[in-house]
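Enquirer: Here it is, the structure, as structure tokens.
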Amino acid sequence: MFWTKLKRVARTGFFNFWRDSTVSFASVLVMTITLLVIGLISFSSAVLDTSLAELRNKIDIDITFVVSAEEEDILNIKHSLESLQEVFLVTYISREEALTAFKERHSSDQSILSALDELGENPLGAVLNVKAKDPSQYASVAEFLEGDNTLSSDGITIIDRVNYFQNKKAIDKLTRIIASADQLGLALTLFFALISILIAFNTIRLTIYIAKDEISVMRLVGASTTYIQGPFVVVGIIYGVTACLLTLLLLLLITYWLGNTIENFFVGFNVFSYYLRHFLEISSIILVSGVLIGVFSSILAVRKYLKI
Amino acid sequence: MIVFDRVSKIYSDNSVALREVNFSIEPKEFISIVGPSGAGKTTLLKLFLAEEKPTEGAIYYDSTNIHTLNKKDINKFRRKVGMIFQDFRLLPNKTVYENIAFTMEVAGRTDEEIESDVPHVLELVDLASKVWNFPHELSGGEKQRVAIARALVNEPEVIIADEPTGNLDPANTYDIVQILKKINDLGTTVILATHNKGIIDLLKRRVVAMEAGRVVRDDKIGKYNE
Chain C
1 MFWTKLKRVA
11 RTGFFNFWRD
21 STVSFASVLV
31 MTITLLVIGL
41 ISFSSAVLDT
51 SLAELRNKID
61 IDITFVVSAE
71 EEDILNIKHS
81 LESLQEVFLV
91 TYISREEALT
101 AFKERHSSDQ
111 SILSALDELG
121 ENPLGAVLNV
131 KAKDPSQYAS
141 VAEFLEGDNT
151 LSSDGITIID
161 RVNYFQNKKA
171 IDKLTRIIAS
181 ADQLGLALTL
191 FFALISILIA
201 FNTIRLTIYI
211 AKDEISVMRL
221 VGASTTYIQG
231 PFVVVGIIYG
241 VTACLLTLLL
251 LLLITYWLGN
261 TIENFFVGFN
271 VFSYYLRHFL
281 EISSIILVSG
291 VLIGVFSSIL
301 AVRKYLKI
Chain U
1 MIVFDRVSKI
11 YSDNSVALRE
21 VNFSIEPKEF
31 ISIVGPSGAG
41 KTTLLKLFLA
51 EEKPTEGAIY
61 YDSTNIHTLN
71 KKDINKFRRK
81 VGMIFQDFRL
91 LPNKTVYENI
101 AFTMEVAGRT
111 DEEIESDVPH
121 VLELVDLASK
131 VWNFPHELSG
141 GEKQRVAIAR
151 ALVNEPEVII
161 ADEPTGNLDP
171 ANTYDIVQIL
181 KKINDLGTTV
191 ILATHNKGII
201 DLLKRRVVAM
211 EAGRVVRDDK
221 IGKYNE
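Line order of the protein sequences matches chains C and U. If you read the first sequence in this note's numbering, its first letter stands for residue 1, the second for the next number, and so on. If you read the second sequence in this note's numbering, its first letter stands for residue 1, the second for the next number, and so on.
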């Protein structure tokens, strides 16, 4: 009997969806918009995350050593920096590498190059480039460098300058912007998701409101709660799945169209390839959201008219 | 046997719909409940179907108090009762066939039973040609006959008809009354609520007359007014 009932409930649900085509069409459309909002939110948070990460990556500090500093002393400092919890990566740039890079940077400026030649020796000190795990942690890295840890074996400081102290203001400001952008993004995401879910929920409630007399008739011929609710839940699932398919198609078109345009704004982020790469993830989020909204709205809405 | 035992229904705004209603209905009886609008006929039927609870008193069906049943048993009880309403109350999105099949599905009947019984009962109400029509494609009389077929198909012990002819012309009214009589002759209890004088006088069966929530008259073979 269970399978017979299940079959009947599913069949009734499909028929109701098909026969109430105008109502179904409108509901699917509203649900599609809801799911589109949820989909676009996941995109925008990905765009935001990538650009914030990009920004974080751009923040680093350079420790420039005096010309006379021994390579061994510098490497010692590198090791002790690497043992710090806050530090993500330390890159050593030797004096020669620094010079090559400098020459490359100024390859078009003959006067600088000839001045360098005239000097006869390499005027540049070696550099340690430090990246912290989080921008807010540069202060403690800088503090570490100010202490006694950076003296050479002879007890003289070998650090020429640390550009953190020059860039401190900019780094602090950027850190604050990143933190608040993160929070704002989360708040907006929740807000829009909630609003669009409520709209879909209300639309489904309205469609069931239309059927309230029908529900009371079913009640009076002795239909059980599950037997009345079942077809509405099936319709809710169909709304969810149809809207999911439509949304995925729309997202494909939107991201394809936006792909190149956005890449110019957010360096290295192409929404289209992001969509293709995360298709399984995104489609399951949208499918689950759609089906859950459909099912729960139906159950809650029908329950109201089942009191007889 | 159905017993209304000192049943009163008072709504929250203190309007009295029923006051101390006392009478019983034997199996296979055909009883008409008559009275002007607002006399309490529909309230009485609603209480019998456990759509509402009485404020005082109790209603018994085969010595079971209907209002002490749980939801599941209420559903089972309702499947023993066939209902016919003035406004037909067919399911608008289902065809004639599906409307009748639905009550059979609810009662847990098999697909084979449904396939054989639905055409049969539609023949009984002379609607075999409209099986695949939707309710909005039928006339008032046809809709009511579908409703009767739906009420009949599970072979109920009791049929309740609340103003079944209220929206019908005299010819259709006559037809419906004849069908109800036939159902009763086959052994089903029929409770008919109406304010149609012509029907009552035609039937020559028991009449319970109500006014302002009270039973004012109970005649074995009654007329509308005496």
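Glycine included, C-beta positions come from ideal geometry on N, C-alpha and C.
1) For Ala-98 (chain C), which option in C:Leu-113, C:Ala-115 and C:Gly-125 has the closest C-alpha, if you only look at C-alpha atoms?
2) Helix, strand or coil for Phe-43 (chain C) per DSSP?
3) Interface residues of chain U around Arg-303 (chain C) at Cβ under 8 angstroms?
4) For Leu-91 (chain U), which residues in chain C fall below 7 angstroms Cβ to Cβ?
5) Terminal residues of the continuous alpha helix (DSSP H) containing Phe-15 (chain C)?
6) Can you list, in chain order, the residues of its chain with a C-beta nearer than 7 angstroms to that of Gly-236 (chain C)? Leave out the 5 residues immediately preceding and following it.
7) Can you look up Asp-73 (chain C) in the DSSP assignment and give me helix, strand or coil?
8) Can you confirm whether Asn-172 (chain U), when its beta carbon is compared against all beta carbons of chain C, has any partner nearer than 8 angstroms?
9) Which residue from U:Ser-8, U:Glu-123 and U:Leu-180 puts its Cα closest to that of Ser-32 (chain U)?
10) Please confirm whether any heavy atom of the ligand ZN lies closer than 7 angstroms to the CB of Leu-276 (chain C).
11) Tell me whether Gly-57 (chain U) sits in a helix, a strand or coil according to DSSP, three-state version.
12) Taking 8 angstroms as the CB-CB cut-off, is Leu-220 (chain C) touching chain U?
13) When the Cα of Val-234 (chain C) is compared with those of C:Val-291, C:Gly-222, C:Glu-82 and C:Thr-189, which residue comes out closest?
14) Could you check what DSSP says for Asp-109 (chain C) in three-state terms: helix, strand or coil?
15) Can you name the start and end residues of the beta strand (DSSP E) that Glu-211 (chain U) belongs to?
16) Output yes if chain U places a C-beta closer than 8 angstroms to the C-beta of Tyr-209 (chain C); else output no.
17) For a cutoff of 8 angstroms on Cβ pairs, would you count Lys-76 (chain U) as touching chain C?
18) Please state the DSSP three-state secondary structure of Asn-167 (chain C).
19) Under a Cβ-count criterion, where at least 16 other Cβ atoms within 10 Å of its own Cβ denotes burial, should Tyr-209 (chain C) be classed as buried or exposed?
20) How would you list, in chain order, the residues of chain U whose beta-carbon sits under 8 angstroms from the beta-carbon of Met-31 (chain C)?
21) I'd like the ranges of any alpha helix (DSSP H) spanning at least 4 consecutive residues and lying wholly in the stretch 105–167 of chain U.
22) Mind checking whether Asn-122 (chain C) and Arg-95 (chain C) have CB atoms under 8 angstroms apart?
23) Can you tell which of U:Val-3, U:Asp-126, U:Arg-217 and U:Asn-133 has its C-alpha closest to the C-alpha of Ala-58 (chain U)?
24) Rounding to the nearest angstrom, what Cα-Cα distance links Val-216 (chain U) and Ala-209 (chain U) in this structure?
25) With DSSP collapsed to three states, give me the class of Met-359 (chain C).
26) For Glu-211 (chain U), tell me which candidate among U:Lys-94, U:Thr-64 and U:Glu-20 has the shortest Cα-Cα distance.
27) Ignore the nearest five residues each way along the sequence and tell me which others in Leu-23 (chain U)'s own chain have a CB closer than 7 angstroms to its CB.
28) So what's Asn-129 (chain C) in DSSP terms, helix, strand or just coil?
Expert: Reading off the structure:
1) C:Gly-125
2) Helix.
3) Residues of chain U passing the Cβ test: none, with the nearest at roughly 13 angstroms.
4) Glu-214 and Val-217
5) Its alpha helix (DSSP H) spans residues 2–19.
6) Ile-204, Gly-294, Val-295, Ser-297 and Ser-298
7) helix
8) no
9) U:Leu-180
10) Because no ligand of any kind appears in the structure shown, any question about the ligand ZN cannot be addressed here.
11) Here Gly-57 (chain U) sits in strand by DSSP.
12) yes
13) C:Val-291
14) Shown here, Asp-109 (chain C) sits in coil according to DSSP, grouped into three states, outside any helix or strand.
15) 206–211
16) no
17) Taking Cβ atoms only, chain C reaches closer than 8 angstroms to Lys-76 (chain U), which makes this a yes.
18) helix
19) By the neighbour-count definition (other C-beta atoms within 10 Å, threshold 16), Tyr-209 (chain C) is an exposed residue.
20) Chain U residues near Met-31 (chain C): none, gap ~20 angstroms exceeds 8 angstroms.
21) Taken in chain order, the complete alpha helix (DSSP H) segments of 4 residues or longer contained in the stretch 105–167 of chain U are 111–124 and 140–152.
22) yes
23) U:Val-3
24) Near 6 angstroms, if we compare the C-alpha coordinates of Ala-209 (chain U) and Val-216 (chain U).
25) For residue 359 (chain C) there is no data in the structure shown, the boundaries of chain C being 1 and 308.
26) U:Glu-20
27) Strictly speaking, residue 23 (chain U) in this sequence is Phe, with Leu absent from that position. Exclusion of the five residues before and after Phe-23 (chain U) leaves Phe-4, Val-208, Val-215 and Asp-218 as the residues of its chain whose Cβ lies within less than 7 angstroms of its Cβ.
28) strand
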